[in-house]
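S.K.:
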Amino acid sequence: MRFEGVVVDGCVTGNEALTLRGCLFRRVLLRGEVGDWIVNDMRRELPDVEYQAFLDAAKKFYASGEWVLDISEAEFGSAALFSLPGDLVRRNPETQFLVRKECLVDVDLSSFSRVMRLRLKRVGRSIFDSAVLVVGHGSDRFNEDLAEHRKLVDLGVAEA
1440 MRFEGVVVDG CVTGNEALTL RGCLFRRVLL RGEVGDWIVN DMRRELPDVE YQAFLDAAKK
1500 FYASGEWVLD ISEAEFGSAA LFSLPGDLVR RNPETQFLVR KECLVDVDLS SFSRVMRLRL
1560 KRVGRSIFDS AVLVVGHGSD RFNEDLAEHR KLVDLGVAEA
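Mapping the sequence shown onto this note's numbering, position 102 (from 1) lands on 1541, and the numbers just tick up by one.
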């Protein structure tokens, strides 16, 4: 499914995250309180040929370099946006951080939380060169999570 030229102004996701698999985005604006979002590629259970065809099509789709998602005005409860090219996501540098895969090489991440290490590992597995990590406004650990993301910036792993 492809979302193009869409504006989402507030979105209640309830107790479950809105999970979008195999979707492509171009000029999609999210703003306001948008709940919990997970954007993933197609399921790995697909035959290898089909899965690879999707990945190739996604790379080609995003190769135009046009912005894909603007989350700069969005407040997420939580978000996992690993299947989007981070460079093409418009973001709020206060709570949304760009991580480039090349910056993860030879960096000691042992002082970070297990959750952060898992998220960074997921960035490293992305088909894209970068991804955006979002500090969820709905987290009871908002201040701790924000500090951990800022520590990534201090290490040169992320960009604010």
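Glycine included, C-beta positions come from ideal geometry on N, C-alpha and C.
In this text, all values refer to a predicted model and were calculated from it rather than measured experimentally.
1) Across which residues does DSSP place residue 1531 in a beta bridge pair?
2) Please state whether the Cβ-Cβ distance between residue 1475 and residue 1511 is less than 8 Å.
3) Which partner residues of residue 1477 appear in the DSSP bridge assignment?
4) Over what stretch of residues does the alpha helix (DSSP H) that includes residue 1489 continue unbroken?
5) I'd like the span of the alpha helix (DSSP H) that includes residue 1583, first residue to last.
6) For a quick check, are the C-beta atoms of residue 1530 and residue 1537 less than 8 Å apart?
7) Whether or not the segment 1565–1580 and the segment 1480–1500 are in contact is what I'm after, with contact meaning three or more pairs of Cβ atoms, one per stretch, closer than 8 Å; do they touch?
8) So does the segment 1443–1451 actually touch the segment 1460–1478, counting three or more Cβ pairs closer than 8 Å?
9) If residue 1557 sits next to residue 1597, beta carbons under 8 Å apart, how far is it from one beta carbon to the other, in whole angstroms?
10) Determine the direct distance from the alpha carbon of residue 1574 to that of residue 1584, and round the result to whole angstroms.
11) Terminal residues of the continuous beta strand (DSSP E) containing residue 1446?
12) Check for me: the alpha helix (DSSP H) holding residue 1558 runs from which residue to which?
13) Output the boundary residues of the beta strand (DSSP E) element that contains residue 1573.
14) Just mark residue 1488 as buried or exposed, buried being the case when its beta carbon has 16 or more other beta carbons within 10 Å.
M.R.: Taking the geometry as given:
1) The partner list for residue 1531 (beta bridge, DSSP) is empty, contrary to what the question assumes.
2) no
3) 1458 and 1519
4) 1487–1501
5) 1581–1594
6) yes
7) yes
8) yes
9) The Cβ separation is near 15 Å, so there is no contact.
10) 6 Å
11) 1446–1448
12) 1553–1564
13) 1569–1573
14) exposed
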